[in-house]
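Colleague:
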Amino acid sequence: MFKPFAAAVGALVLLAACSSGEAPKTEAPASGGLTGAGSTFFAPLASKWAETFKGATASNVNYQSIGSGGGIKQIKAKTVDFGASDKPLSVEDLNAAGLYQFPVVMGGVVPVVNVPGVAAGKLNLTGQVLADIFMGKIKRWDDAALKALNPGLALPNLPITVVHRADGSGTTYLFTNYLAAVSAEWKSAVGASDALEWPTGLGGKGNEGVSAFVAQTTGSIGYVEFAYAVKTGAAYANLTNHDGQTVAPSAESFAAAAAGADWSKAPGNQLLLLDQPGAKSWPITGAVFVLVYKDQADAAKAKATLNFFDWAYTSGDAAAAELHYVPMPAEVKALIRAQWAKEITSGGQPVYVPAAK
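Take the sequence shown: its letters are residues -22 to -1, 1 to 335, numbered as in mature numbering (1 follows the signal peptide of the UniProt record, and there is no 0).
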């Protein structure tokens, strides 16, 4: 397991002020640039990486924030050079489609609310109470279950409006798998998927849509990737984690949840980071996965795609930290680079050649 990552959690703050000492690659861009699509969870960082990468290499990367389900469909249809999803595909699905997936960054899904008098980090929730709200069982903000968790908070006698994703979403996949893990009733009555029949609420498209609905609707609650909560100034809630500790969402609590992850023992790099043990762990933590074809028809495009993510692994950690994501540990980056050299080919030849040491 990559325990050195846990020890490096405190260094995350420094990442925002400095970047890796390794020099970024500056190879010529592929004709027409690169296109990617998918995860809205990943969109803020993808946009920042693309902007910085263009400045460093003159290469264009156009990323479409259409949701994880859309990203999976686009890469399977071969209309983009890479897809991005917060929902990892199973080994069976990867093999059937001829795809390979790898993690690029980690982050957290957080409940956000629009309740008069409730500021960010002041509302405490448990997984069970969160499930009861999204099932429509807890209908008002002054419900006894909410008051018991928040004795010092003045909760209004106001109806709760649930806001959920309307599109196929990796964020929803993480959120509903977490609810299924902590609530037997949610698991049996609603289930866990990237798209499902919601018991109640309004649907918004993308993290952007959910953020907008919550901002516009007094008494609402939704779930978004943490960068959206910070960007919009939304009032995020705290959660009780696996160890019974109430924790706030942060890069440090996401990193704590990921500290025990052993990617070397994850077939197809399929790994979830939900409800992880640890006193400081955020319970709804996940990775963003990039999807590419194993057998590439265009060697130049394939090489350019891996060059972009190689650059991101080398020089993108500071931007990730600034946007409240958690960079992949160095050991995982080395593991993935070795996989690239083995898994991704064009005309029977490797597309990626690791840098000489």
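Every residue gets a Cβ at the ideal spot worked out from N, C-alpha and C, and that includes glycine.
Roughly how many whole angstroms lie between the Cα atoms of A132 and A296?
Modeller: By one-based count along the sequence shown, residue 132 stands at place 154. By one-based count along the sequence shown, residue 296 stands at place 318. Approximately 39 Å between the Cα atoms of the pair.
Colleague: What three-state label does DSSP hand R315 in the structure shown?
Modeller: Residue mapping note: residue 315 aligns to position 337 of the sequence shown, counting from 1. Note: R315 maps to helix in three-state DSSP.
Colleague: Measuring CA to CA, which of Y151, F204, D121 is closest to P137?
Modeller: Translated into the one-based positions of the sequence shown, residue 137 becomes position 159. Comparing Cα-Cα distances from P137 to each of Y151, F204, D121, the minimum goes to D121.
Colleague: Using the three-state DSSP reduction, which class does G200 fall into: helix, strand or coil?
Modeller: Position 222 of the sequence shown holds residue 200. In the structure shown, G200 sits in a strand (DSSP, three-state: E or B).
Colleague: On a CA-only basis, which of A21, P94, V202, G16 is nearest T196? Give me that one, please.
Modeller: Residue 196 sits at position 218 when you count from the first residue of the sequence shown. Among A21, P94, V202, G16, the Cα nearest to that of T196 is on P94.
Colleague: Residue range of the alpha helix (DSSP H) that P22 falls in?
Modeller: Along the sequence shown, read from residue 1 onward, the residue named residue 22 stands at position 44. Counting along the chain, the alpha helix (DSSP H) containing P22 begins and ends at 21 to 35.
Colleague: Looking at C-alpha atoms only, which residue of A190, L217, G45 is the closest neighbour of L127?
Modeller: Counting from one through the sequence shown, the residue named residue 127 turns up at place 149. L127 has its Cα closest to that of L217, out of A190, L217, G45.
Colleague: How about N135 and L252: do their beta carbons lie closer than 7 Å?
Modeller: Counting from one through the sequence shown, the residue named residue 135 turns up at place 157. Counting from one through the sequence shown, the residue named residue 252 turns up at place 274. No, the pair does not count as a contact, with Cβ atoms beyond the cut-off.
Colleague: Taking DSSP as the reference, what is the three-state secondary structure of G14?
Modeller: Taking the first residue of the sequence shown as 1, we reach residue 14 at position 36. Correct three-state label for G14: strand.
Colleague: Can you tell me whether D59 is buried or exposed? The criterion is at least 16 other CB atoms within 10 Å of its CB, across all chains shown.
Modeller: The residue given as residue 59 occupies position 81 in the sequence shown. By the neighbour-count rule (16 or more Cβ atoms within 10 Å), D59 is buried.
Colleague: Is it right to say E175 is buried, meaning 16 or more other beta carbons lie within 10 angstroms of its own, or is it exposed?
Modeller: Position 197 of the sequence shown, counted from the first residue, corresponds to residue 175. Exposed, because fewer than 16 other Cβ atoms sit within 10 Å of the Cβ of E175.
Colleague: Rounded to whole angstroms, what is the Cα-Cα separation between S147 and Q106?
Modeller: The sequence position of residue 147 within the sequence shown is 169, counting from 1. The sequence position of residue 106 within the sequence shown is 128, counting from 1. About 22 Å.
Colleague: Look at the Cβ atom of A75, then the Cβ atom of K56, and state whether they are nearer than 7 Å.
Modeller: Stepping through the sequence shown from its first residue, residue 75 is reached at position 97. Stepping through the sequence shown from its first residue, residue 56 is reached at position 78. Not closer than 7 Å, so no.
Colleague: Does DSSP classify residue 343 as helix, strand or coil?
Modeller: Absent from the structure is residue 343, since the part of the chain shown begins at -22 and ends at 335.
Colleague: What residues in its chain sit with their C-beta under 6 Å from that of S231, if we drop five residues either side in the sequence?
Modeller: The residue labelled residue 231 in the question sits at position 253 within the sequence shown. So the qualifying residues of the chain are V225, K258, W260.
Colleague: Between the Cα of D240 and the Cα atoms of A15, A193, P81, which residue gives the shortest distance?
Modeller: For this step, residue 240 is matched to residue 262 along the sequence shown. Minimum Cα distance to D240 is reached at P81.
Colleague: Which residues mark the beginning and the end of the alpha helix (DSSP H) in which A282 is found?
Modeller: Along the sequence shown, read from residue 1 onward, the residue named residue 282 stands at position 304. Looking at the DSSP string, the run of the alpha helix (DSSP H) that includes A282 is 277 to 293.
Colleague: Going by alpha carbons, who is nearest to A290 out of T150, G16, T35?
Modeller: Along the sequence shown, read from residue 1 onward, the residue named residue 290 stands at position 312. It is T35.
Colleague: If you drop the 5 nearest sequence neighbours on each side, which residues of the same chain put their C-beta closer than 7 Å to that of S242?
Modeller: The sequence position of residue 242 within the sequence shown is 264, counting from 1. Same-chain partners within the cutoff: L313.
Colleague: Assign G326 to one of two classes, buried (16 or more other C-beta atoms within 10 Å of its C-beta) or exposed (fewer than that).
Modeller: For the purposes of this step, residue 326 is taken as the residue at position 348 of the sequence shown. Per the 10 Å Cβ criterion, exposed.
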